[in-house]
Structures are given as C-alpha cells and as structure tokens.
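5 is the number of the first residue of the sequence shown in our numbering; add one for each residue after it.
One structure is given below, encoded as structure tokens.
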Amino acid sequence: MIDSHVHLNRIEFAGDGLAVAARARAAGVAGFLNVGYDPASSRESIALAEQAPDIWATVGIHPHDALLLADDAGRLTPDGRALLAELETLSRHPKVVAIGEIGLDFFRDLSPRPAQFAALSAQLELAARVGLPVVFHVRDAWPQMLEFVDQVGLPPARGVLHAFSGDAAAVDWAIARGFRLGIGGVVTYRQSALPVQVARAGVDHLLLETDAPWLPPVPHRGSRNEPAWLGLVLDKVAGILQMDPLEVERRTDASFAALFLERTAETH
Ligand SMILES: [Zn+2]
Numbered sequence: 005m006i007d008s009h010v011h012l013n014r015i016e017f018a019g020d021g022l023a024v025a026a027r028a029r030a031a032g033v034a035g036f037l038n039v040g041y042d043p044a045s046s047r048e049s050i051a052l053a054e055q056a057p058d059i060w061a062t063v064g065i066h067p068h069d070a071l072l073l074a075d076d077a078g079r080l081t082p083d084g085r086a087l088l089a090e091l092e093t094l095s096r097h098p099k100v101v102a103i104g105e106i107g108l109d110f111f112r113d114l115s116p117r118p119a120q121f122a123a124l125s126a127q128l129e130l131a132a133r134v135g136l137p138v139v140f141h142v143r144d145a146w147p148q149m150l151e152f153v154d155q156v157g158l159p160p161a162r163g164v165l166h167a168f169s170g171d172a173a174a175v176d177w178a179i180a181r182g183f184r185l186g187i188g189g190v191v192t193y194r195q196s197a198l199p200v201q202v203a204r205a206g207v208d209h210l211l212l213e214t215d216a217p218w219l220p221p222v223p224h225r226g227s228r229n230e231p232a233w234l235g236l237v238l239d240k241v242a243g244i245l246q247m248d249p250l251e252v253e254r255r256t257d258a259s260f261a262a263l264f265l266e267r268t269a270e271t272h
C-alpha cells in the first residue's frame, strides 16, 4: 500500500524520516508521498525523495502560510511572486509529482481569507502551467472551496482532497470531476462520519494516507502517527466496503500511480 500523504521531514520525527520510512516498509508500505506545506518543507520533501526510490515529493504553500504569497487584501506580493517562481523551479524536479498542500482552512483561520483565496488561485495556475496534479487541504471550508475551484477552473491534472472531511455533496463533486479522496486515521474514529462517505465514493475514488505525524488511527490516538500504521486505515476501509484488503490495496495503489506517477512521467 502507498501512503499518499505523509510528512517525514517533520521535527516530530527528529530528522530521521528515512528510519520512519524503513519501519513502514517493514509493515508493507511500498511508497510515500511526502507533502510540502511551506518553502522549507517543500525543499526537505525533495531532499528526502532524492534519497529513496519509493519516496515522492510535493511543493506548495499551505493556507496557514498564505501571507507568504499574498497580502491581507488578497493581492500577490513581490516576495510572493518570487516564491511562486521558486516553487515553479522546484516543481520541475523529477521526483516532484504534485503541487500542495494548498487550499482553504477556515477552522484555524491562521491567515486572512482573502490571502488564502489568492494563494490558492496562484498555485492552481502554477499546477496548470506545469501540468501537475494538486493536493488540497480543506478544513471547515468545503462549500467555499468547491465553488471557488469550479469558478477559477479545475487543475487539468486534477488531484486529491487530502484528509477528506466533506459531506455527500463533496463526494459527488469529487467523483464528477475526477478527484480522489484522501482517507486516513480519522476513518477509524468512533464518531467519524467518514465511513458513510467512503461507502458512497467506492474504492476507485480513494487514496490511503496517514498524514503522519498527525491524526493517528485507533488504537494509537494521542501518539505521534507513523506511516507504519497505514494498514489500520486499509483494514478499516476494506471493512466499510466489505472487500478483501488486498483488493483495496491493489486498487488504491493503482489510483495513486495513475494520478501521481504515470501522468507526471510524461510531464517531466
Ligand atoms: Zn498534511
């Protein structure tokens, strides 16, 4: 199985992301998408990907850091334009397979919303320009996000709605437009509304992810998450879909390859 969203570079892993990856491989994880969220983590993702054939990278600016690109009125800044140019250069690295994580976060609202929209818009343009899919981060902003993406134009290579937490309308939006839903540890939580949406989507619209070091699955809540625990997510999803876990693994691996590896092989 493939962890389609992990942060091996995080300080929680104490500079030993490759050891974390090795533990996960021993538990059956055959690939990792290490997702950037600011300039440093984007560069670190590439550095990790250069050290292992089964690690790929994304580059992008998280909505929390939208002010790196735009001002609070939603205008791109000179520093922001320079950073976008740097992201474009980084995105042409052979191990970079997506732009992300980008999106809207109205839960923590760490950046002014006009800046979040501007940063999202500029990075959607970047994704279209370089022909890469996107990794979306959406929190408490589902209707606004989907409406905005429809309005400014879908990224041609599509992408994944990471840490999916939308409703049935969001599932239907994603399927109609060819986006995948990223499903992680939250699906194992007792109060989670996610199993209903996983069943609605069906296996071929899903990607598995951990978002480690965050969002550990049951029974590890309260600990630092590990990509080695991805199997707990796989088993839960297989149970919801009443499928053999091996078949869920095969189909989600194929979706990952189709979205991030096969298309970008042509782009780079
Ligand atoms: Zn993440």
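Glycine included, C-beta positions come from ideal geometry on N, C-alpha and C.
Check: Is E16 buried or exposed, if buried means 16 or more other CB atoms sit within 10 Å of its CB?; Outcome: exposed
Check: With distances taken from CA atoms, which of A28, Q120, G182 is nearest A145?; Outcome: Q120
Check: Should the stretch 26–42 be regarded as contacting the stretch 101–109, the criterion being three or more beta carbon pairs within less than 8 Å?; Outcome: yes
Check: Here's the rule: buried if 16 or more other CB atoms are within 10 angstroms of the residue's CB, otherwise exposed. What is V24?; Outcome: buried
Check: Using the Cα positions of A211 and F183, report the straight-line distance between them to the nearest angstrom.; Outcome: First, the residue type needs correcting, since residue 211 is Leu and not Ala in the sequence shown. Whole-angstrom Cα-Cα distance: 10 Å.
Check: Using a Cβ-based criterion (distance less than 7 Å to any ligand heavy atom), does V190 qualify as near ligand 1?; Outcome: no
Check: Taking 7 Å as the line, does the beta carbon of H11 fall inside it for any heavy atom of ligand 1?; Outcome: yes
Check: Count the other C-beta atoms from every protein chain shown that fall within 10 angstroms of the C-beta of D154, then say buried if there are 16 or more, exposed otherwise.; Outcome: exposed
Check: Pick helix, strand or coil for R184, following the three-state DSSP scheme.; Outcome: strand
Check: Please name the residue in L80, R47, I187 whose C-alpha comes closest to that of G64.; Outcome: R47
Check: Quick check: V138 and I187, are their CB atoms within less than 8 Å of each other?; Outcome: no
Check: Locate the beta strand (DSSP E) running through I15, then write down its first and last residues.; Outcome: Run containing I15: none; DSSP gives neither H nor E here.
Check: How many Å lie between L88 and L130 at the Cα?; Outcome: 8 Å
Check: Could you check how far apart the C-beta atoms of D42 and D20 are, in whole angstroms? I think they sit under 8 Å.; Outcome: Contact flag wrong, Cβ pair sits at about 20 Å.
Check: In the DSSP assignment, what residue or residues form a beta bridge with W60?; Outcome: L37
Check: Given R194, which residues of its chain have a CB within under 8 Å of its CB, disregarding the five upstream and five downstream residues?; Outcome: V222
Check: Taking the alpha carbon of R143 as the reference point, which residue from L158, M5, V190, F168 has its own alpha carbon closest?; Outcome: F168
Check: How should L71 be labelled, buried or exposed, when 16 other C-beta atoms within 10 angstroms of its C-beta is the threshold for buried?; Outcome: buried
Check: For F260, count neighbouring C-beta atoms within 10 Å of its own C-beta (all shown protein chains included) and say buried if the count is 16 or more, exposed if not.; Outcome: buried
Check: Name the one or two DSSP bridge partners that A31 has.; Outcome: A31 pairs with nothing; no bridge assigned.
Check: Please tell me whether V10 and A216 are closer than 8 Å, where the distance is taken between their beta carbons.; Outcome: yes
Check: Alpha carbons only, please: which of Q148, P57, D75 is nearest the one belonging to V118?; Outcome: The amino acid at residue 118 is misidentified as Val; the sequence shows Pro. The option with the nearest alpha carbon to P118 is D75.
Check: Looking at the secondary structure, which residues open and close the beta strand (DSSP E) in which G104 lies?; Outcome: 100–109
Check: In whole angstroms, what separates the C-alpha of I59 from that of E253?; Outcome: 18 Å
Check: Could you give the residue range of the alpha helix (DSSP H) that holds L238?; Outcome: 234–245
Check: DSSP state of R133, grouped into three classes?; Outcome: helix
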